[in-house]
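Final position of the sequence shown in our numbering is 632; the numbers increase by one with none missing.
Even for Gly, the Cβ is constructed at its ideal location relative to N, Cα and C.
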Amino acid sequence: MCLTIPGKVLKIKQNTALLKMQNGVRRIDITTVSGVKVGDWLLATVDLAVKKINQNEAHEILKLLGGRKNLILADQINPKIKEILKVASQRALTKKEILTLLKTQGKEKEALFSEADIIRKTYLKDFICIHGIIEFSNYCQNNCLYCGLRRENKRLRHYRMTIDEIIKTAKYTCNKIGYKMLILQSGVDFGYSDSNLVKIVSEIKKCCRCFLFMSVGERSLEGYRKMKKAGADGILLRFETSNKELYKKIHNINPTPKTQNFKSILSDRISLIKNLKKMGYYLVSGFLIGLPRQATEDVANDILMCQKLGLQMVTFGPFIPCQNTPFASKKAGNMDLVYKTIAVSRLLMKNARIPITTAMETQDLKARHLGLQRGANALMFNLTPKKYAKSYEIYSNKIYSRDRRLEKLALFSGKKSWKMLEQELNQKFK
Ligand code: 5AD
């Protein structure tokens, strides 16, 4: 897509014109179009005029391109990468192509980012989706090696919000602040029975006009069915990694009689996710980037898995080591790979929501700013009551920013929100 872009004629010399384009000045052949004058707008390929257009049309197209550089056209881009980026708008990419994109650097990487941004803008316009997350309990019966909430982390300061507290927080979030998308998250905590969760869901849906996601880990299908009936709209459940050996290694070590249901088998998790989709839930899933012994090829498979599952929202983030876990001294996931994963995911799943997750923000203060320009279109705001938020320590140094100004802009500026957010973020990171 976007093989031709508009430019304004600055100079003409015989059959060539000097065109002012978004990303500089370009000399092009104008024998293909008759009657070209200085000041005209032309639609041009890399080196050839295609047709004359009027100023309004030119501005329309430039707007569609997001006012940003279309770097695919730059001469210096490796032709192989250019070709992959070009075909991405017409067909699904192969694993090999995805891997090639995940390994790009320099100009090729910038071209990937720019194409993802254009696709985001073309398909989803300037809307940003805003999600509020309430982490209501940090108890977890599982013992995943990477996670700070793991059962054997005895240093964690535990909390479990009461049903009333959860409902009150949700009410405040939706009815006072104005959130329309709410995620309730906890560890796998059977301290809440199915009927407790049903009560929470139905009470919230009764008094808040919001889209409600539950993120409570692996529970029975029956439990999930009841929550759906009570009004839950979506489920957030990551598959964490599509590499089945890695999945087995990092999950549910030392199961107890209580946790034996959770066999730490990837296919169980995937089939649960598929069943939830069949139940009619809006499905959010995804993976971790940079787990110990995870290869870039695994990330390519993870992206393909998201596509295969037909997710409406794709959520991923860098692995971040957490104190008091077996992975405490491991290296964190690389943010460069995270950004490329955002961009590639956008090329493959053009209509999906891709949020900037808290883990991304924790690793890079500019994650919102950069991620939104590289294919992402959603933000997460933490709404856990302050007294608990610090204890929801999935990983160390988790960021807890309550950027009220950004939150307000995002929630209330409607169609203009993208531009305003961008300005706000630009100012912040000048
Ligand atoms: N680093 C980054 N993300 C983590 N999660 C759990 N532990 C970590 C960690 N150490 C993520 C998992 C889980 C989500 C709630 O938090 O992907 O699904």
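Measure the beta-carbon distance from residue i to residue j and round it to whole angstroms, keeping in mind my assumption that it falls under 8 Å.
i: isoleucine 402; j: leucine 581; result: 24 Å between Cβ atoms; not a contact.
i: glycine 334; j: tyrosine 374; result: With a Cβ gap of about 10 Å, glycine 334 and tyrosine 374 do not count as contacting.
i: threonine 218; j: isoleucine 232; result: 7 Å
i: phenylalanine 315; j: arginine 576; result: 4 Å
i: leucine 423; j: tyrosine 449; result: About 20 Å separates the two Cβ atoms, so there is no contact after all.
i: proline 587; j: threonine 302; result: At roughly 46 Å, the Cβ-Cβ gap does not stay under 8 Å, so proline 587 and threonine 302 are not in contact.
i: threonine 527; j: arginine 352; result: 6 Å
i: alanine 294; j: leucine 550; result: 7 Å
i: valine 238; j: isoleucine 214; result: 6 Å
i: leucine 438; j: serine 417; result: 4 Å
i: cysteine 376; j: leucine 386; result: With a Cβ gap of about 12 Å, cysteine 376 and leucine 386 do not count as contacting.
Kindly indicate the opening and closing residues of the alpha helix (DSSP H) around residue i.
i: asparagine 477; result: 468-480
i: glycine 425; result: 423-432
i: lysine 402; result: Checking the displayed sequence, the identity of residue 402 turns out to be isoleucine instead of lysine. Residues 396-409.
Could you pull the start and end residues of the beta strand (DSSP E) that residue i belongs to?
i: serine 444; result: That residue, serine 444, is in no beta strand (DSSP E); it is neither H nor E in DSSP.
i: glutamine 387; result: 383-388
i: leucine 581; result: 580-584
i: proline 523; result: Run containing proline 523: none; DSSP gives neither H nor E here.
i: serine 547; result: That residue, serine 547, is in no beta strand (DSSP E); its alpha helix (DSSP H) goes 537-550.
i: valine 486; result: 484-491
i: serine 531; result: Taken as a continuous stretch (DSSP letters only), serine 531 belongs to no beta strand (DSSP E), as it is neither H nor E.
i: glycine 209; result: 207-215
i: serine 222; result: Sequence inspection shows lysine at residue 222; the serine mentioned does not correspond to that position. Note, lysine 222: beta strand (DSSP E), 218-223.
Where does residue i land, buried or exposed, given buried means 16+ other C-beta within 10 angstroms?
i: alanine 502; result: buried
i: lysine 542; result: buried
i: glycine 488; result: buried
i: lysine 589; result: exposed
i: asparagine 445; result: buried
i: tyrosine 325; result: exposed
i: asparagine 599; result: exposed
i: glutamate 317; result: buried
i: arginine 229; result: exposed
i: arginine 607; result: exposed
i: glutamine 462; result: exposed
i: arginine 440; result: buried
i: asparagine 355; result: buried
i: arginine 495; result: exposed
i: threonine 443; result: buried
i: alanine 290; result: buried
i: aspartate 504; result: buried
i: alanine 434; result: buried
i: glutamine 343; result: buried
### Task
May I ask you to verify whether the segment 332-340 touches the segment 381-394, counting CB pairs closer than 8 Å and requiring at least 3?
yes
### Query
Counting Cβ pairs closer than 8 Å, one from the segment 546-566 and one from the segment 505-518, do we hit at least three?
yes
### Task
Pair every Cβ in the segment 587-602 with every Cβ in the segment 348-363, then say whether three or more of these pairs are closer than 8 Å.
yes
### Message
I'd like the ranges of any alpha helix (DSSP H) spanning at least 4 consecutive residues and lying wholly in the segment 552-599.
### Response
560-565, 569-573 and 588-591
### Entirely enclosed alpha helix (DSSP H) segments - the segment 305-367, minimum 4 residues
308-326
### Query
Are the segment 567-578 and the segment 301-312 touching by the rule of at least three beta carbon pairs closer than 8 Å?
no
### Query
Counting pairs of Cβ atoms below 8 Å between the segment 209-216 and the segment 231-247, do you hit three or more?
yes
### Query
Is the segment 427-437 in contact with the segment 477-487, if contact means three or more CB pairs nearer than 8 Å?
yes
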